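Protein chains in written order, with the numbering used here: chain P, 420 to 710; chain W, 2 to 243.
1. Kindly indicate if chain W contains any beta-carbon less than 7 angstroms away from that of residue 557 (chain P).
2. By DSSP, does residue 82 (chain W) sit in helix, in strand, or in coil?
3. Go to residue 673 (chain P), then tell me how far its alpha helix (DSSP H) extends in each direction, as first and last residue.
4. Whose CA, out of P:584, P:561, P:516, P:565, lies closest to the CA of residue 539 (chain P)?
5. Under 7 angstroms, do residue 59 (chain W) and residue 76 (chain W) count as touching if we go by C-beta distance?
6. Where do the ends of the alpha helix (DSSP H) carrying residue 35 (chain W) lie?
7. So, helix, strand or coil for residue 576 (chain P), using DSSP?
8. Less than 7 angstroms between the beta carbons of residue 102 (chain W) and residue 570 (chain P), yes or no?
9. Between the beta-carbon of residue 562 (chain P) and the beta-carbon of residue 586 (chain P), is there less than 7 angstroms?
10. Among W:16, W:52, W:140, W:69, which residue has its Cα nearest to the Cα of residue 434 (chain P)?
11. Under a Cβ-count criterion, where at least 16 other Cβ atoms within 10 Å of its own Cβ denotes burial, should residue 243 (chain W) be classed as buried or exposed?
12. Just the chain P side, please: which residues come within less than 7 angstroms of residue 105 (chain W) by C-beta, in chain order?
13. Along the stretch 420-435 of chain P, where does the CB come closer than 8 angstroms to a CB of chain W? Name the residues.
14. Quick one: is residue 681 (chain P) buried, meaning 16 or more other Cβ sit within 10 Å of its Cβ, or exposed?
15. Quick one: is residue 658 (chain P) buried, meaning 16 or more other Cβ sit within 10 Å of its Cβ, or exposed?
16. Please check if any C-beta of chain P sits within less than 7 angstroms of the C-beta of residue 75 (chain W).
17. Strictly below 9 angstroms CB to CB, what residues from chain P border residue 140 (chain W)?
18. In chain P, which residues lie with their C-beta within 9 angstroms of the C-beta of residue 15 (chain W)?
19. Could you tell me which chain W residues have their CB closer than 7 angstroms to the CB of residue 483 (chain P), listed as they occur along the chain?
20. Measuring alpha carbon to alpha carbon, tell me which residue in W:134, W:31, W:93, W:37 is nearest residue 485 (chain P).
21. What is the DSSP secondary structure of residue 481 (chain P), reduced to helix, strand or coil?
22. Starting from residue 597 (chain P), trace the alpha helix (DSSP H) both ways and give me its first and last residue.
23. Can you find a CB in chain W that lies within less than 7 angstroms of the CB of residue 701 (chain P)?
24. Taking C-beta pairs closer than 7 angstroms, name the residues in chain W that residue 554 (chain P) reaches, listed in chain order.
25. Residues in its own chain within less than 7 angstroms of residue 450 (chain P) by CB, not counting five upstream and five downstream?
26. Kindly list, in the order they appear in chain P, the residues whose Cβ is closer than 7 angstroms to that of residue 202 (chain W).
27. Report all residues from its chain with a CB closer than 8 angstroms to the CB of residue 656 (chain P); omit the five preceding and five following residues, and keep chain order.
28. Would you say the stretch 112-132 of chain W touches the stretch 145-161 of chain W, given that touching needs at least three Cβ pairs under 8 angstroms?
29. For residue 425 (chain P), which of helix, strand or coil comes out of DSSP?
30. If you run the structure through DSSP and keep just helix, strand and coil, what is residue 544 (chain P)?
31. Listed in chain order, which residues of the stretch 655-671 of chain P have Cβ atoms closer than 7 angstroms to some Cβ of chain W?
32. Are residue 34 (chain W) and residue 560 (chain P) close, meaning C-beta to C-beta below 7 angstroms?
33. Going along chain P in order, which residues have a C-beta closer than 7 angstroms to the C-beta of residue 238 (chain W)?
34. Less than 8 angstroms between the CB atoms is what I'm expecting for residue 517 (chain P) and residue 652 (chain P), so what's the real figure, rounded?
35. Which residues share a DSSP beta bridge with residue 512 (chain P)?
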């Protein structure tokens, strides 16, 4: 038996990992997700929630489809939260493949769940702009020479939300959803720090340790990976129970998407721990001459 | 010599110092923005250069029939198809601003062929690439993650705590410990041993401290390297050695 495990075919490992992820999805396995008071989801929630209704919020979707599994639930959560508070939402993205997510946030989440909000008055999109940190740096000086039109090719001076805005310094909060560079680190360096604009972010798991040093200043809150998103969803639904309505939970961009994804994560993590334990058991057994 | 080395050197130095200046003197912000505008235009132009390079490299591979030329051919076909559909806005429809004209429409307009390629080609392909990581990590965890020495044991212990603390298993395994820190040092200590609290402590204290130290070190290195470039001491970015 030990000999079999020692030479375990990697395809068995792959199969077990596949089952660990697939079965919880198929059987909709979910677990409670306690969010301790004072944890990051609360910090992020408070930053958005404590702003007066109708505040200006710049939301940058800096990710692509590769990271959507981790980041899309929190991106849609941010959108819902801002829409709920009637904040003015200014969407943009520094990743070319992030723009369709912005469109979905506007057309599907806002369009279907908050039909009273009007494009140009309550939310708008600058679209994608190449240039990474240069775009951020220019955003805090003069947005209109940078963008000229919105993503729908309307002159920014003709859009009520942007007509009287010169730069991102007019924003009350920046929300960044980041999968790498350019992302949260650049928003910290080129916008939040020099312009003193509060910043909250959501990021992938691998990025989180690199962003913790910026908490609490200038990064006011961080949602690390799907775990952070699940906590944020929990806090959101507790504060706004209407977001937990069946039609929103069952919609394309469910208000419980991250919570649902914690099921497969739970089983996959347990499997990983089991693999590590098993691997080490074999290692120590062999070391003691058990073989 | 002057056109090839001295002028680029002076340009880099002037723009570099200008951007430093804008950070400290708000009145010079607009100058910095103008310089960055040039960078944005160059970045857009670099995309064209990158695309040209991709075509040349893959064309050479296909024409030489070198190893893996089939993949190069697929890359080229995909590149041309996506480029033509995207640039010519094939199948796109007009916008609210100009209903009869598809040219100003969003590149990824819902329902358009470009959107279809994005939604049903790119999204599943990139998501699959990332999802495959889980399989390789699982295999690596089984084969390579061994407590061979003190450092590896520490890493293993930390990984254990964080892996379990990130999911409900952490709460479940240490649920017998007090959930409320209470007033006494003992109850606070026991509360701190709950896996979710241990995970947070690892992220907030040793991880944050280590990362801050590394970040500060990197920043100091960048400052010294940047100064060398701006003062013209380091000219390696200009190409051949001086």
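By construction, the Cβ of each residue, glycine as well, lies at the ideal position given by its N, Cα and C atoms.
Keep in mind it's a predicted model, so treat the numbers as computed, not measured.
For this structure:
1. Residue mapping note: residue 557 (chain P) aligns to position 138 of the first chain, counting from 1. True, the Cβ-Cβ gap to chain W drops below 7 angstroms.
2. In the second chain, residue 82 (chain W) corresponds to position 81, counting from 1. In the displayed model, residue 82 (chain W) falls within a helix according to three-state DSSP.
3. Within the first chain, residue 673 (chain P) is the residue found at index 254, counting from 1. Taken as a continuous stretch (DSSP letters only), residue 673 (chain P) belongs to no alpha helix (DSSP H), as it is neither H nor E.
4. Residue 539 (chain P) sits at position 120 when you count from the first residue of the first chain. Among P:584, P:561, P:516, P:565, the Cα nearest to that of residue 539 (chain P) is on P:584.
5. Sequence index remark: in the second chain, residue 59 (chain W) carries index 58 (1-based). Sequence index remark: in the second chain, residue 76 (chain W) carries index 75 (1-based). Going by C-beta atoms, residue 59 (chain W) is nearer than 7 angstroms to residue 76 (chain W).
6. As a working note, residue 35 (chain W) is residue 34 in the second chain. Membership of residue 35 (chain W) in the alpha helix (DSSP H) is indicated by the continuous run 30-65.
7. Numbered from its first residue, the first chain carries residue 576 (chain P) at position 157. In the structure shown, residue 576 (chain P) falls within a helical segment according to DSSP collapsed to helix, strand and coil.
8. Along the second chain, read from residue 1 onward, the residue named residue 102 (chain W) stands at position 101. Along the first chain, read from residue 1 onward, the residue named residue 570 (chain P) stands at position 151. In this structure, residue 570 (chain P) does not lie closer than 7 angstroms to residue 102 (chain W) by Cβ.
9. Locating residue 562 (chain P) in the first chain gives position 143, where the first residue counts as 1. Locating residue 586 (chain P) in the first chain gives position 167, where the first residue counts as 1. Between residue 562 (chain P) and residue 586 (chain P), the C-beta spacing is below 7 angstroms.
10. By one-based count along the first chain, residue 434 (chain P) stands at place 15. Closest option to residue 434 (chain P), Cα to Cα, is W:140.
11. As a working note, residue 243 (chain W) is residue 242 in the second chain. Legend: pLDDT at residue 243 (chain W) = 48, less than 50; position of this residue unreliable, no value from coordinates given.
12. The residue given as residue 105 (chain W) occupies position 104 in the second chain. Residues of chain P whose Cβ lies closer than 7 angstroms to the Cβ of residue 105 (chain W) are, in chain order, 572.
13. Those residues of the stretch 420-435 of chain P that come within reach of chain W (Cβ to Cβ, closer than 8 angstroms) are 427, 429, 432, 433, 435.
14. In the first chain, residue 681 (chain P) corresponds to position 262, counting from 1. By the 10 Å Cβ count, residue 681 (chain P) comes out buried.
15. Taking the first residue of the first chain as 1, we reach residue 658 (chain P) at position 239. With a 10 Å radius around the Cβ and a threshold of 16 neighbouring Cβ atoms, residue 658 (chain P) comes out exposed.
16. What you label residue 75 (chain W) is simply residue 74 of the second chain in a count that begins at 1. At a cut-off of 7 angstroms between beta-carbon atoms, residue 75 (chain W) makes no contact with chain P.
17. Translated into positions along the second chain, residue 140 (chain W) becomes position 139. 429, 432, 433, 436, 694, listed in chain order.
18. Taking the second chain and counting its residues from 1, one reaches residue 15 (chain W) at position 14. Against residue 15 (chain W), chain P offers no close residue; the least beta-carbon distance is about 17 angstroms (beta-carbon pairs closer than 9 angstroms).
19. Numbered from 1 along the first chain, position 64 holds the residue referred to as residue 483 (chain P). Contact note: residue 483 (chain P) reaches chain W through 127, using a C-beta cutoff of 7 angstroms and chain order.
20. Within the first chain, residue 485 (chain P) is the residue found at index 66, counting from 1. Of W:134, W:31, W:93, W:37, the residue nearest in Cα terms is W:134.
21. Residue numbering aside, residue 481 (chain P) sits at position 62 when the first chain is read from its first letter. DSSP places residue 481 (chain P) in strand when its eight states are reduced to three.
22. Locating residue 597 (chain P) in the first chain gives position 178, counting from the first residue. Bounds of any alpha helix (DSSP H) do not take in residue 597 (chain P); it lies within the beta strand (DSSP E) bounded by 592-597.
23. Residue mapping note: residue 701 (chain P) aligns to position 282 of the first chain, counting from 1. Under the 7 angstroms criterion on CB atoms, residue 701 (chain P) is classed as non-interfacial with respect to chain W.
24. As a working mapping, residue 554 (chain P) is identified with position 135 in the first chain. 41, listed in chain order.
25. Counting from one through the first chain, the residue named residue 450 (chain P) turns up at place 31. The beta carbon of residue 450 (chain P) lies closer than 7 angstroms to those of 681, 682, 685 in the same chain, with the five residues before and after it left out.
26. Start at 1 with the first residue of the second chain, and residue 202 (chain W) comes out as number 201. Using a Cβ-Cβ cut-off of 7 angstroms, residue 202 (chain W) is close to nothing in chain P; its nearest Cβ partner there is about 12 angstroms away.
27. Counting from 1 along the first chain, the entry for residue 656 (chain P) is found at position 237. Take residue 656 (chain P), set aside five residues on each side of it, and the residues of its chain with a beta-carbon closer than 8 angstroms to its own are 662, 663, 674, 675, in chain order.
28. By the Cβ rule, the stretch 112-132 of chain W does not count as touching the stretch 145-161 of chain W, because fewer than three pairs are nearer than 8 angstroms.
29. Locating residue 425 (chain P) in the first chain gives position 6, where the first residue counts as 1. Residue 425 (chain P) falls in the helix class under three-state DSSP.
30. Along the first chain, one-based indexing puts residue 544 (chain P) at 125. DSSP places residue 544 (chain P) in strand when its eight states are reduced to three.
31. Correct list: empty, as no residue qualifies.
32. What you label residue 34 (chain W) is simply residue 33 of the second chain in a count that begins at 1. What you label residue 560 (chain P) is simply residue 141 of the first chain in a count that begins at 1. Cβ distance < 7 angstroms, so residue 34 (chain W) and residue 560 (chain P) count as in contact.
33. Looking up residue 238 (chain W) in the second chain gives position 237. Residues of chain P passing the Cβ test: none, with the nearest at roughly 18 angstroms.
34. Position 98 of the first chain, counted from the first residue, corresponds to residue 517 (chain P). Position 233 of the first chain, counted from the first residue, corresponds to residue 652 (chain P). At roughly 21 angstroms, the Cβ-Cβ gap does not stay under 8 angstroms, so residue 517 (chain P) and residue 652 (chain P) are not in contact.
35. For the purposes of this step, residue 512 (chain P) is identified with residue 93 of the first chain, where counting begins at 1. In the DSSP output, where bridge partners are listed per residue, residue 512 (chain P) has P:547.
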